[in-house]
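J.:
Residue numbers (this note's numbering): 16 to 370.
1. Does the pairing of the region 283 to 302 with the region 264 to 273 give three or more beta-carbon distances under 8 Å?
2. Three or more C-beta pairs closer than 8 Å, one from the region 256 to 268 and one from the region 90 to 103: is that the case here?
3. Among 167, 238, 314, 345, which one has its Cα closest to the Cα of residue 307?
4. For the candidate residues 330, 158, 223, 198, whose alpha-carbon lies nearest to that of residue 207?
5. By DSSP's criteria, residue 170 is part of a beta bridge. Which residues make up the other side?
6. Counting beta carbon pairs with one atom in the region 178 to 185 and one in the region 308 to 327, are three or more of them shorter than 8 Å?
7. Alpha carbon to alpha carbon, what distance is there between residue 172 and residue 190?
8. Taking the straight line between their C-alpha atoms, what separation do you get for residue 337 and residue 150?
9. How far does the alpha helix (DSSP H) with residue 301 in it extend, from its first residue to its last?
10. With respect to the beta strand (DSSP E) encompassing residue 82, which residues constitute its N-terminal and C-terminal limits?
11. Touching or not, the region 70 to 86 and the region 244 to 254, by the rule of three or more beta carbon pairs under 8 Å?
12. Whose C-beta lies closer than 6 Å to the C-beta of residue 164 among residues of the same chain, with five residues either side of it excluded?
13. Let me check one thing: in DSSP terms, what residues is residue 310 bridge-paired to?
14. Going by the beta-carbon positions, is the gap between residue 182 and residue 322 smaller than 7 Å?
15. Report yes or no: do three or more beta-carbon pairs, one from the region 119 to 133 and one from the region 347 to 366, lie closer than 8 Å?
16. Thinking just about the alpha-carbon of each residue, which of 199, 197, 234 is nearest to the one in residue 213?
17. Along the chain, where does the beta strand (DSSP E) containing residue 192 start, and where does it finish?
18. Between residue 221 and residue 186, how many whole angstroms is the CB-CB distance? I'm expecting something under 8 Å.
19. Check this for me: beta carbons of residue 79 and residue 66, under 7 Å apart or not?
20. Does the beta-carbon of residue 367 have 16 or more other beta-carbons within 10 angstroms, so that it is buried, or is it exposed?
21. Mind reading off the beta-carbon distance from residue 225 to residue 124? Whole number of angstroms is fine, and I expect it under 8 Å.
22. On the CB-based measure, 16 or more other CB atoms within 10 Å of its CB, does residue 329 come out buried or exposed?
23. Can you grab the Cα-Cα spacing for the pair residue 61 / residue 114, in whole Å?
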């Protein structure tokens, strides 16, 4: 009797499985617009890896086709592409959209903020994802972490930056909240698409720029025209993003939704590992092959002024916008707790200096 009941149960499960598979053989084809050019390393690898994993895990039921900025011709237009439904997805950076909504910039990185592992913890366990969805939900979109570069370098400069006054009149490409901070020091801040950066620096259209770090900077050739390479303060955990059209996501079966989320999450983690590796390899190459490059750290005077202006701007934003205050308070409170652990773990270990 028990065997009979078990056989009936197995048959029912098998029949249900066959029925479900038969009823959902539909293939969903999505398009993703990225802010990067064709075959752009590391940044472009993240969406490519994600799309490959989605295809494998879904057994070909969800196909994601990627269009680079070379094709869609608008590196900074992908927000509107996804919002309108022209593309179901994008791979880009949240702080590019501060002109549309200042609260978007908090989800890339913040000056003097959390490092990558701290920020990941905030996203997934400290309420960051919920706050991000609250911001992007107004535009009919979902946003997910899309890959971290780790701590970015402070930029390439044609001249040595010795005092705060050296920033007055400086023309610099630097996005996000850091641009707002440098404006307070008298710098003229611009945002330029990745493919135009070297030309702008070479022709003197700008005096300085920040891009990423050794992982990607070396191939861009910035060292040929700007020999002063400063360590970072402004982007300690630069997280790219996957933007997803909310309506398109809702139309996916539940299993494909989960496959997409897990593929985005794993490819984002891979990007941090890849970026860390490439930065280490390229820093060694810079030291060996390009001795003209002078790696510098901003003076205590400059760093103190940057932090002062950064804090003033955060207070201003908190006073003006309840949503901004909500995010800023969340990040500050979480950072207090997690930084205490970072200091007695990673920081204490690194200070021990085993060299």
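Just so you know, even glycine gets a beta-carbon here, dropped at the ideal spot from N, CA and C. Source: prediction; values computed, not measured.
T.: Walking through what the data contain:
1. No, they do not touch.
2. Here the region 256 to 268 makes contact with the region 90 to 103; the two share three or more CB pairs at distances below 8 Å.
3. One-based indexing of the chain shown puts residue 307 at position 292. The shortest C-alpha separation from residue 307 is found at 238.
4. Within the chain shown, residue 207 is the residue found at index 192, counting from 1. For residue 207, the nearest C-alpha among the options comes from 223.
5. Position 155 of the chain shown, counted from the start, is the residue given in the question as residue 170. Paired residue(s): 245.
6. Under the three-pair Cβ rule at 8 Å, the region 308 to 327 counts as touching the region 178 to 185.
7. The residue labelled residue 190 in the question sits at position 175 within the chain shown. The residue labelled residue 172 in the question sits at position 157 within the chain shown. One C-alpha to the other measures close to 16 Å.
8. Taking the chain shown and counting its residues from 1, the one referred to as residue 337 is at position 322. Taking the chain shown and counting its residues from 1, the one referred to as residue 150 is at position 135. Here the alpha carbons of residue 150 and residue 337 stand approximately 12 Å from one another.
9. Translated into the one-based positions of the chain shown, residue 301 becomes position 286. 269 to 304 is the extent of the alpha helix (DSSP H) around residue 301.
10. Taking the first residue of the chain shown as 1, we reach residue 82 at position 67. Element bounds for residue 82: 77 to 82.
11. The region 70 to 86 is not in contact with the region 244 to 254.
12. Here residue 164 corresponds to residue number 149 of the chain shown, with the count starting at 1. The residues are 227, 253, 290.
13. For the purposes of this step, residue 310 is identified with residue 295 of the chain shown, where counting begins at 1. 244.
14. By 1-based counting over the chain shown, the position of residue 182 is 167. By 1-based counting over the chain shown, the position of residue 322 is 307. By the CB criterion at 7 Å, residue 182 and residue 322 fall outside the cutoff.
15. Touching, per the Cβ criterion.
16. Position 198 of the chain shown, counted from the start, is the residue given in the question as residue 213. Looking at 199, 197, 234, the one whose alpha-carbon comes closest to that of residue 213 is 234.
17. Locating residue 192 in the chain shown gives position 177, where the first residue counts as 1. Residue 192: not part of any beta strand (DSSP E); member of the alpha helix (DSSP H) spanning 191 to 199, first to last residue.
18. By 1-based counting over the chain shown, the position of residue 221 is 206. By 1-based counting over the chain shown, the position of residue 186 is 171. Between residue 186 and residue 221 the Cβ distance is about 5 Å, and since that is below 8 Å, they are a contact.
19. Translated into positions along the chain shown, residue 79 becomes position 64. Translated into positions along the chain shown, residue 66 becomes position 51. Contact: yes.
20. In the chain shown, residue 367 corresponds to position 352, counting from 1. Burial call: exposed.
21. Along the chain shown, read from residue 1 onward, the residue named residue 225 stands at position 210. Along the chain shown, read from residue 1 onward, the residue named residue 124 stands at position 109. Residue 225 to residue 124, Cβ: 12 Å. No contact.
22. Here the question's residue 329 lines up with position 314 in the chain shown. It counts as buried.
23. Along the chain shown, read from residue 1 onward, the residue named residue 61 stands at position 46. Along the chain shown, read from residue 1 onward, the residue named residue 114 stands at position 99. Each residue's Cα considered, the two are about 25 Å apart.
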